[in-house]
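Visitor: This is the structure I want to talk about, given as structure tokens.
2 protein chains.
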Amino acid sequence: MNTDRAMNTVARDPDEAVTAAAGAVAGWAGAAPRERGRALETVADALEAEREELVALADSETHLGTARLTGELKRTAFQLRFFAEELREGRFLDVRIDHADPQWPTGPRPELRRFRTAIGPVLVFGASNFPFAFSVAGGDTASALAAGCPVVVKAHPGHPGLSRRTAEIVGAALSKAGAPDSVFGLVEGERAGVDALRHPLLRAAAFTGSERGGLALARIAAERPEPVPFYGELGSVNPVVVTPAAARARGAEIAEGYVGSLTQGAGQFCTNPGLLFVPADGPVDEIVRRLRAAPAAPMLGDWISDAYVAGADRLAALPASSRLVWPKDGASAAPRLLGMDLADFAGDVRVAATECFGPLGLVVTYERLADVAAVIASLPGQLTASLHGEPEEGDALTELTAALAERSGRVLWNQWPTGVSVTHAMQHGSPFPATTAPTTTSVGTAAIERFLRPVAYQAWPQDLLPPALRDGNPWGVPQRIDGRLTP
Amino acid sequence: MNTDRAMNTVARDPDEAVTAAAGAVAGWAGAAPRERGRALETVADALEAEREELVALADSETHLGTARLTGELKRTAFQLRFFAEELREGRFLDVRIDHADPQWPTGPRPELRRFRTAIGPVLVFGASNFPFAFSVAGGDTASALAAGCPVVVKAHPGHPGLSRRTAEIVGAALSKAGAPDSVFGLVEGERAGVDALRHPLLRAAAFTGSERGGLALARIAAERPEPVPFYGELGSVNPVVVTPAAARARGAEIAEGYVGSLTQGAGQFCTNPGLLFVPADGPVDEIVRRLRAAPAAPMLGDWISDAYVAGADRLAALPASSRLVWPKDGASAAPRLLGMDLADFAGDVRVAATECFGPLGLVVTYERLADVAAVIASLPGQLTASLHGEPEEGDALTELTAALAERSGRVLWNQWPTGVSVTHAMQHGSPFPATTAPTTTSVGTAAIERFLRPVAYQAWPQDLLPPALRDGNPWGVPQRIDGRLTP
Numbered sequence: 018m019n020t021d022r023a024m025n026t027v028a029r030d031p032d033e034a035v036t037a038a039a040g041a042v043a044g045w046a047g048a049a050p051r052e053r054g055r056a057l058e059t060v061a062d063a064l065e066a067e068r069e070e071l072v073a074l075a076d077s078e079t080h081l082g083t084a085r086l087t088g089e090l091k092r093t094a095f096q097l098r099f100f101a102e103e104l105r106e107g108r109f110l111d112v113r114i115d116h117a118d119p120q121w122p123t124g125p126r127p128e129l130r131r132f133r134t135a136i137g138p139v140l141v142f143g144a145s146n147f148p149f150a151f152s153v154a155g156g157d158t159a160s161a162l163a164a165g166c167p168v169v170v171k172a173h174p175g176h177p178g179l180s181r182r183t184a185e186i187v188g189a190a191l192s193k194a195g196a197p198d199s200v201f202g203l204v205e206g207e208r209a210g211v212d213a214l215r216h217p218l219l220r221a222a223a224f225t226g227s228e229r230g231g232l233a234l235a236r237i238a239a240e241r242p243e244p245v246p247f248y249g250e251l252g253s254v255n256p257v258v259v260t261p262a263a264a265r266a267r268g269a270e271i272a273e274g275y276v277g278s279l280t281q282g283a284g285q286f287c288t289n290p291g292l293l294f295v296p297a298d299g300p301v302d303e304i305v306r307r308l309r310a311a312p313a314a315p316m317l318g319d320w321i322s323d324a325y326v327a328g329a330d331r332l333a334a335l336p337a338s339s340r341l342v343w344p345k346d347g348a349s350a351a352p353r354l355l356g357m358d359l360a361d362f363a364g365d366v367r368v369a370a371t372e373c374f375g376p377l378g379l380v381v382t383y384e385r386l387a388d389v390a391a392v393i394a395s396l397p398g399q400l401t402a403s404l405h406g407e408p409e410e411g412d413a414l415t416e417l418t419a420a421l422a423e424r425s426g427r428v429l430w431n432q433w434p435t436g437v438s439v440t441h442a443m444q445h446g447s448p449f450p451a452t453t454a455p456t457t458t459s460v461g462t463a464a465i466e467r468f469l470r471p472v473a474y475q476a477w478p479q480d481l482l483p484p485a486l487r488d489g490n491p492w493g494v495p496q497r498i499d500g501r502l503t504p
Numbered sequence: 018m019n020t021d022r023a024m025n026t027v028a029r030d031p032d033e034a035v036t037a038a039a040g041a042v043a044g045w046a047g048a049a050p051r052e053r054g055r056a057l058e059t060v061a062d063a064l065e066a067e068r069e070e071l072v073a074l075a076d077s078e079t080h081l082g083t084a085r086l087t088g089e090l091k092r093t094a095f096q097l098r099f100f101a102e103e104l105r106e107g108r109f110l111d112v113r114i115d116h117a118d119p120q121w122p123t124g125p126r127p128e129l130r131r132f133r134t135a136i137g138p139v140l141v142f143g144a145s146n147f148p149f150a151f152s153v154a155g156g157d158t159a160s161a162l163a164a165g166c167p168v169v170v171k172a173h174p175g176h177p178g179l180s181r182r183t184a185e186i187v188g189a190a191l192s193k194a195g196a197p198d199s200v201f202g203l204v205e206g207e208r209a210g211v212d213a214l215r216h217p218l219l220r221a222a223a224f225t226g227s228e229r230g231g232l233a234l235a236r237i238a239a240e241r242p243e244p245v246p247f248y249g250e251l252g253s254v255n256p257v258v259v260t261p262a263a264a265r266a267r268g269a270e271i272a273e274g275y276v277g278s279l280t281q282g283a284g285q286f287c288t289n290p291g292l293l294f295v296p297a298d299g300p301v302d303e304i305v306r307r308l309r310a311a312p313a314a315p316m317l318g319d320w321i322s323d324a325y326v327a328g329a330d331r332l333a334a335l336p337a338s339s340r341l342v343w344p345k346d347g348a349s350a351a352p353r354l355l356g357m358d359l360a361d362f363a364g365d366v367r368v369a370a371t372e373c374f375g376p377l378g379l380v381v382t383y384e385r386l387a388d389v390a391a392v393i394a395s396l397p398g399q400l401t402a403s404l405h406g407e408p409e410e411g412d413a414l415t416e417l418t419a420a421l422a423e424r425s426g427r428v429l430w431n432q433w434p435t436g437v438s439v440t441h442a443m444q445h446g447s448p449f450p451a452t453t454a455p456t457t458t459s460v461g462t463a464a465i466e467r468f469l470r471p472v473a474y475q476a477w478p479q480d481l482l483p484p485a486l487r488d489g490n491p492w493g494v495p496q497r498i499d500g501r502l503t504p
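Chains F and W, in that order, are what the protein sequence lines are.
If you count the first sequence from 1, position 130 lands on 147 in our numbering, and the numbers rise without skipping.
If you count the second sequence from 1, position 56 lands on 73 in our numbering, and the numbers rise without skipping.
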């Protein structure tokens, strides 16, 4: 299908979509946060009201199964409602009011009132592997709308029908809730996505997908006459380190957990644990045995399984790697396991730690746990890093803890990285290449911060101030006044 | 002077400096914030103890005068102490603790503890025009050290002696306060700066200076194997709009204020009001008269005045511009004023709104105030934007207020943009090209956020957690627990 020509009543011309979105900024960003919250809740209700139809449509386009898709839709509705709560709380505005102070140590201080307001129209690139939660009505859209930003979504071509239907529901629900026209739009096709990204009125973009695609778009965002923030969530191998004590105490359990996490959803998660460090006498045989028994699950599409097979073959071609689990049919998307020792891995980290999206694991065996921290420290940035240890190891794990936390956004103790809970304290973002913006998250309530820009008003008249900054605090939001937070 | 070879006991090899800084991360970022605060106060005390020597040295290298430089040193010490206060308050850590919750709507929630920790070693490029406040011990250094990041400063060649002496004092004070060795270092010369920026262990960089220099460095930061955040504060023309009512009521006063702000410090401020919109029947003659009477002040150096004269000649060559104030000696760094009407300006905004660092003003005359907002909306990003109006104009200024706030980080009512107070609510950052990171500020307590990176710990053992995340809260910092802020 030539998606560039597949325009219908839902998808729009990119210039028209971004221009219309820019026209909606004043009304949407200027609305009270609790009103935006109500609109997000209306969207959540509308999506859940069409659950059966949406899940069936999603399954027909992605093969992810109705159980998983039903859960994903529930999560999508939940995160819209969770942002609505955050909007009622109001702390995201970071309101600061400094009254004029003629005695200020560096000279008379003018009256200054600062808050974080919507950055402007945001372009969201839908992901293939989460047709609900990271797509048209997903986390990027929810957090950008919550911030007060109109959103234009570029639909992922892997689920075009679902994207259009979701966009219809979102648009209708926002209208029903009284949101400005054009606060939400959809575009289709690679060219339309690039045109929207280059549009002079666009102010930020968010992307979840491959490193290759994300970097190409990041470059376009950076080379605009006015570059804009580009929040890309790219690839990650999510290292897991098993200590000798844990391997002795719970080897079989760890093997079972690893294989379950590696093969869940055919390995099509950005948090898939593709890299495992175990003692040379650890449970490698048990992992091999269990992974051989794991069935091949259908992947999202041929373009994904072809890339998986090619990536696996590239890693398997590394001279120091051995094939521990490998399908007889080289074109199969079945799980695969490679082995390598620590010294060989350390000698070629950048290549050996390249993500292969799908159910491929690389087991790195080590002789001394003390040698592992330095290798972890040399890894590229990771969404997650896990440690399986025993409580009594204590201080012996301090250096390893520091290395895991330095190279990743989320560290897990005796748990597996797949499954990203939507909470206040979730962090889904880290140094490059896992993301392009290491100071941000794309999951959890803090994701809203990506789409906010601070503005200070100096000695501005009360009746021309945004409500959040006025004396009397008509929106009832937390204000930090002369350094002290109230209420 | 070939600064690449001007190594002495203070300046270091860039590889050695960044490697040593990386070794100091654990000790510095892991210290209690109040301890880092005490170290910053020790630095402030040490700088003030050497005030006479430092001011004399600065004046000999920059010609900025002892009054201005004494004030700037006071401000520099103040902002170190102001960050120390912010560290004691602890909110910058943004601690969030979500306890495990088996009933969480999207499935069992794991225990998650998230905070913002030091991003790692930071490279600070000193500026020419603020030898104290935006240089070796300036705002970028203060906020990065406050965040827990070791700092390597690349000295500005415009004041090499002052840079070295300041670095000696800072280094000695930090050692005296018990900071880890190598938490602070200095490098000199363009090549050393670029080498430090490319160093694999570097994690962020901050720059204040020209658009040309900043963009070259930003590209180097982006093209590293692991790109790192680059916080560049580049150029700005800081538009000022005078309404017809204000021009009628206070024309002479506005002319006086404008000329004072334009020529202050020989116009060598990033907040210099280079662009003025006035009614066609506004106080242009008064501005011309006053500016003709303003003396030429010495600039920071020949490289600055040469660039000023060349930039002024480029703007004067625009066919639609007229020379309202121009020195007979074309090579003089004396103040200059150009005039243009709104339609001509709107037809060539990108060129006409280019910053010319120094005391050059471009006066744009308009017939109808209603036409100005659209032209403001088409400007590139600005550090500040000012409006001189009368209170009774009220709603008539809504659209203009929105346009000024959309294109800048700080809007001022009936005040002048030069002079940037260090406060909680100050914002010094905005869309490109005024800065490369529109969601951040380089002045005020929020500047610390640039150098923090969130990390979440999932189900991590208490004794291996950073103190800020532990039950019992040994650092006594605000913690947001299950969504509720305590204390």
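No residue lacks a Cβ here, since even glycine has one placed at the ideal position from N, Cα and C.
When you check each C-beta in the region 432-449 of chain W against every C-beta of chain F, which residues fall closer than 9 Å?
Guide: Listed in sequence order: Gln432, Pro434, Gly436, Ser438, Val439, Thr440, His441, Ala442, Met443, Gln444, His445, Gly446, Ser447, Pro448 and Phe449.
Visitor: State yes or no: is the C-beta of W/Ala159 within less than 8 Å of the C-beta of W/Phe100?
Guide: yes
Visitor: On the DSSP bridge assignment, give the partners of W/Arg208 in chain order.
Guide: The partner list for W/Arg208 (beta bridge, DSSP) is empty, contrary to what the question assumes.
Visitor: Rank W/Lys345, W/Glu250, W/Val204 and W/His445 by C-alpha distance to the C-alpha of F/Pro471 and give the top, closest one.
Guide: For F/Pro471, the closest C-alpha among the options W/Lys345, W/Glu250, W/Val204 and W/His445 is that of W/His445.
Visitor: What whole-angstrom Cβ distance do F/Ala38 and F/Val169 have, given they're in contact under 8 Å?
Guide: 6 Å
Visitor: Taking all protein chains shown into account, decide if W/Pro242 is buried (16 or more other Cβ within 10 angstroms of its Cβ) or exposed.
Guide: Burial call: exposed.
Visitor: What residues in its chain sit with their C-beta under 7 Å from that of F/Leu308, if we drop five residues either side in the sequence?
Guide: Val276, Val342, Pro352 and Leu354
Visitor: Please check if any C-beta of chain W sits within less than 8 Å of the C-beta of F/Glu65.
Guide: no
Visitor: Spell out whether any CB of chain W is found under 8 Å from the CB atom of F/Phe95.
Guide: Put simply, the CB of F/Phe95 is near chain W, with a gap under 8 Å to one of its CB atoms.
Visitor: Starting from W/Lys171, trace the beta strand (DSSP E) in both directions and tell me its first and last residue.
Guide: Val168 to Lys171
Visitor: Can you tell me whether F/Gln96 is buried or exposed, with buried defined as 16 or more other CB within 10 angstroms of its CB?
Guide: buried
Visitor: So, are the CB atoms of W/Val583 and F/Tyr474 less than 8 Å apart?
Guide: The requested residue 583 of chain W is not part of the displayed model; chain W covers only 18 to 504.
Visitor: Have a look at W/Glu185 and F/Ala221 and give me their C-alpha separation to the nearest angstrom.
Guide: 42 Å
Visitor: Give me the residue from F/Val27, F/Val200, F/Phe132 and F/Leu359 with the minimum Cα distance to F/Val505.
Guide: Chain F is shown only over 18 to 504; residue 505 of chain F falls outside these bounds and no answer can be derived.
Visitor: Three or more C-beta pairs under 8 Å: does that hold for the region 295-305 of chain W against the region 371-384 of chain W?
Guide: yes
Visitor: In terms of alpha-carbon separation, which member of F/Phe142, F/Gly156 and F/Ile271 lies closest to F/His176?
Guide: F/Phe142
Visitor: Looking only at C-alpha atoms, which of W/Gly137, W/Gly165, W/Ala150 and W/Lys91 sits nearest to W/Arg51?
Guide: W/Gly165
Visitor: In terms of residues, what are the limits of the alpha helix (DSSP H) holding W/Ser160?
Guide: It spans Gly156 to Ala164 - the alpha helix (DSSP H) in which W/Ser160 sits, taken as one unbroken run.
Visitor: Under 8 Å between beta-carbons, which chain W residues line up against F/Ile136? List them in chain order, please.
Guide: Pro455 and Thr456
Visitor: If you run the structure through DSSP and keep just helix, strand and coil, what is F/Asp388?
Guide: Three-state result, F/Asp388: helix.
Visitor: Using CA atoms only, rank isn't needed, just tell me which of W/Arg267, W/Arg265 and W/Ser227 is closest to W/Tyr248.
Guide: W/Ser227
Visitor: Using 8 Å for Cβ pairs, my map puts W/Thr59 next to W/Ala190. What's the rounded Cβ distance?
Guide: 5 Å
Visitor: Using CA atoms only, rank isn't needed, just tell me which of F/Ala43, F/Asp346 and F/Val27 is closest to W/Ala422.
Guide: F/Ala43
Visitor: Label W/Val460 either buried or exposed according to how many other C-beta atoms from any shown protein chain fall within 10 Å of its C-beta, with 16 as the threshold for buried.
Guide: buried
Visitor: I'd like the span of the beta strand (DSSP E) that includes F/Met330, first residue to last.
Guide: Here residue 330 of chain F is Asp; the residue named in the question, Met, does not match the sequence. It is not in any beta strand (DSSP E) - F/Asp330 instead sits in the alpha helix (DSSP H) that spans Asp319 to Ala333.
Visitor: Between W/Arg497 and chain F, is there a C-beta pair that is closer than 8 Å?
Guide: yes
Visitor: Closest to F/Ala233 by CA distance: which of F/Arg208, F/Pro256 and F/Ile304 is it?
Guide: F/Arg208
Visitor: According to DSSP, is W/Ser253 part of a helix, a strand, or is it coil?
Guide: coil
Visitor: How many whole angstroms separate the CB atoms of F/Leu414 and F/Val392, which I take to be in contact at a CB cut-off of 8 Å?
Guide: Between F/Val392 and F/Leu414 the Cβ distance is about 15 Å, and since that is not below 8 Å, they are no contact.
Visitor: Comparing alpha-carbon positions, which option in W/Asn431, W/Pro290 and W/Glu70 lies nearest W/Glu270?
Guide: Proximity to W/Glu270 across W/Asn431, W/Pro290 and W/Glu70 peaks at W/Asn431, based on C-alpha coordinates.
Visitor: Assign W/Pro261 to one of two classes, buried (16 or more other C-beta atoms within 10 Å of its C-beta) or exposed (fewer than that).
Guide: buried
Visitor: What residues from chain F crowd round W/Arg113, counting only those whose CB sits closer than 7 Å?
Guide: His441 and Ala442
Visitor: Starting from the N-terminal side, write out each stretch of the alpha helix (DSSP H) that is 4 residues or longer and does not extend beyond the region 49-75 of chain F.
Guide: 50-66
Visitor: Taking the alpha-carbon of F/Asp319 as reference, which of F/Arg113, F/Ala329 and F/Ala350 has the nearest alpha-carbon?
Guide: F/Ala350
Visitor: To which residues of the same chain is F/Arg68 closer than 8 Å at the C-beta, ignoring the five residues directly before and after it?
Guide: Thr87 and Leu90
Visitor: Look at the Cβ atom of W/Pro290, then the Cβ atom of W/Val245, and state whether they are nearer than 8 Å.
Guide: Cβ atoms of W/Pro290 and W/Val245: not closer than 8 Å.
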